[in-house]
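Inspection log for the structure reproduced underneath, given as structure tokens.
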Amino acid sequence: MIINLNLFLIKLSGFCKENVRNKLIYMKKAIFSIVSLIFVANTFFAQKMEMVAVQGGTFIMGNDYSINQDESPEHKVTLSDYSIGKYEVTFEQFDRFCISTGWEQPDDARLGRGKNPVMNISWESAVMYCNWLSKMEALDRCYTIQRDSLATVVLCNFEANGYRLPTEAEWEFAAKGGTQSKGYAFSGGNNPDEVAWYYSNSGGKPHPVGTKKPNELGIHDMSGNVREWCWDLYESDYYKKSPESNPAGPAEGVRRVYRGGAWNFKLDFLRMTAREYMGPSKSYGNVGFRVAKKQ
0 MIINLNLFLI
10 KLSGFCKENV
20 RNKLIYMKKA
30 IFSIVSLIFV
40 ANTFFAQKME
50 MVAVQGGTFI
60 MGNDYSINQD
70 ESPEHKVTLS
80 DYSIGKYEVT
90 FEQFDRFCIS
100 TGWEQPDDAR
110 LGRGKNPVMN
120 ISWESAVMYC
130 NWLSKMEALD
140 RCYTIQRDSL
150 ATVVLCNFEA
160 NGYRLPTEAE
170 WEFAAKGGTQ
180 SKGYAFSGGN
190 NPDEVAWYYS
200 NSGGKPHPVG
210 TKKPNELGIH
220 DMSGNVREWC
230 WDLYESDYYK
240 KSPESNPAGP
250 AEGVRRVYRG
260 GAWNFKLDFL
270 RMTAREYMGP
280 SKSYGNVGFR
290 VAKKQ
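0 is the number of the first residue of the sequence shown in numbering that gives the first Met the number 0; add one for each residue after it.
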């Protein structure tokens, strides 16, 4: 009986250890699953973009009176319906992309991250973010990206339902208030202090998105805070040959266009027709972006 009792105790001990081990394994799997779900949910909801529907229409693009000749000639453009970001993409949103993919986080120059508009962003980084955001929301990617040691070739499928950069025409139409335009000098009004963060009121730094009045469509910060990348390649005389319907920039070129004023710009650079350009792999301290997509 003593021998049998010892055997029983040994078996019981082994059973208990096995049972505890199985429970620990189960608990670890359960904790990992919960953490994974929290991470996915947190990433998804944090990245969910607030978009503004822009009803298509016809407007006069460009500016014959500008000191910069690349803003002329004024020409008629007709756009289809689309949606555009209510706000500029923030550091908070872009940092989640970086953490998820290992992409290098942009420098905020000690001016603040969080709800501030992301800056020091290259055009290529903005394109990568758009594709990632489309994937996060189970949408079709707009961009096909081919990379080699010499160049990065990016093609855009404007019929895809995912996120992309706005075209120059889409950006300008939205900034001017679309079909609801009241002909303001700046995006949302004639008083720049009400609608834009710029040199005279910014205190030398960008500010959280959406803290100035929106324009006629409910879109914020299109005349200030940071300048914004567009899809288009740059060509100084493109407006002379631009198609009237849904123009998307020249077919060939190297540099990409960005639009809008910035927190460190003086008043005369806040006009909605101003065009700037830079190489797609380059970045600058006051250049960020907002997203667009097909309705």
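Just so it is clear, CB atoms sit at the ideal spot from N, CA and C, and this is done for glycine as well.
Within the same chain, show all residues whose beta-carbon is closer than 6 angstroms to that of Y237, passing over the 5 residues directly before and after it, in chain order. Here Y237 has P249 as same chain residues with Cβ atoms under 6 angstroms from its own Cβ, once five neighbours each way along the sequence are excluded.
Sufficient close CB pairs (3 or more, under 8 angstroms) joining the segment 166-186 to the segment 209-224: With the cut-off at 8 angstroms, the segment 166-186 and the segment 209-224 touch.
Among R274, L269 and V53, which one has its Cα closest to the Cα of K85? Measuring from the Cα of K85, the nearest candidate turns out to be V53.
Check whether P205 and N190 have beta carbons under 8 angstroms apart: Not closer than 8 angstroms, so no.
Outcome for E49 when other beta-carbon atoms lying within 10 angstroms are tallied against a minimum of 16: E49 should be labelled exposed.
Which residues mark the beginning and the end of the beta strand (DSSP E) in which F58 is found? Taken as a continuous stretch (DSSP letters only), the beta strand (DSSP E) holding F58 covers G56 to M60.
My output table needs one value for R112: the three-state DSSP class, helix, strand or coil. Assignment of R112 by DSSP, reduced to helix, strand and coil, places it in the coil class.
Proximity below 8 angstroms, CB of E167 to CB of D80: It is not a contact, given that the beta carbons lie outside the stated cut-off.
Excluding the five sequence neighbours on either side, which residues of its own chain have a C-beta within less than 6 angstroms of the C-beta of F144, listed in chain order? Looking at the sequence shown, residue 144 is not Phe but Ile. Contacts found: V153.
Give the DSSP-derived three-state secondary structure of W170 in the structure shown. Collapsing the DSSP output to three states places W170 in a helix.
Residue burial classification, I120 (beta-carbon count within 10 angstroms, cutoff 16): Classified as buried, I120 has 16 or more neighbouring CB atoms from the shown chains inside 10 Å of its CB.
My assumption, with CB atoms under 8 angstroms, is that V286 sits in contact with M118. Please give the rounded CB distance. Between the beta-carbon of V286 and that of M118 there is about 6 angstroms, and that keeps the pair under the 8 angstroms contact cut.
Exposure label - A45; buried when at least 16 CB within 10 Å: Residue placement at A45 cannot be trusted, given a pLDDT of 47 that sits under 50; what the coordinates show is reported in the next sentence. Exposed, by the Cβ-count rule.
Whole beta strand (DSSP E) elements within the segment 121-157, 3-residue minimum: As for any beta strand (DSSP E) of minimum length 3 sitting wholly inside the segment 121-157, the runs are 142-146 and 151-155, ordered along the chain.
Could you spell out where the alpha helix (DSSP H) holding D80 opens and where it closes? Boundaries for D80: no alpha helix (DSSP H) harbours it, and the DSSP string shows neither H nor E there.
Where R109 falls, given that 16 or more other Cβ within 10 Å makes a residue buried: The residue is exposed, with fewer than 16 neighbouring Cβ atoms inside 10 Å.
According to DSSP, what are the bridge partners of V53? V53 pairs with Y81.
So who's on the other strand from R274, going by DSSP bridges? Bridge partners of R274 according to DSSP: R258.
Distance, Cα to Cα, V76 vs E169? Going by the C-alpha atoms only, they are around 10 angstroms apart.
Whole angstroms are fine: how far does the CA of N115 sit from the CA of K239? Straight-line Cα distance between these residues: approximately 37 angstroms.
Could you tell me which whole alpha helix (DSSP H) segments of length 4 or greater appear in the segment 161-245? Those alpha helix (DSSP H) runs which fall completely within the segment 161-245 and span 4+ residues are 167-174 and 191-194.
Which residue wins for smallest C-alpha separation from K47, given the options N67, F96 and P72? It is F96 whose Cα lies nearest to the Cα of K47.
For the alpha helix (DSSP H) that contains E91, what are its first and last residues? In this chain, the alpha helix (DSSP H) harbouring E91 covers F90 to T100.
Applying the 10 Å Cβ sphere with the 16-neighbour rule, what's the burial state of V88? Counting the other Cβ atoms within 10 Å of the Cβ of V88 gives 16 or more, which makes it buried.
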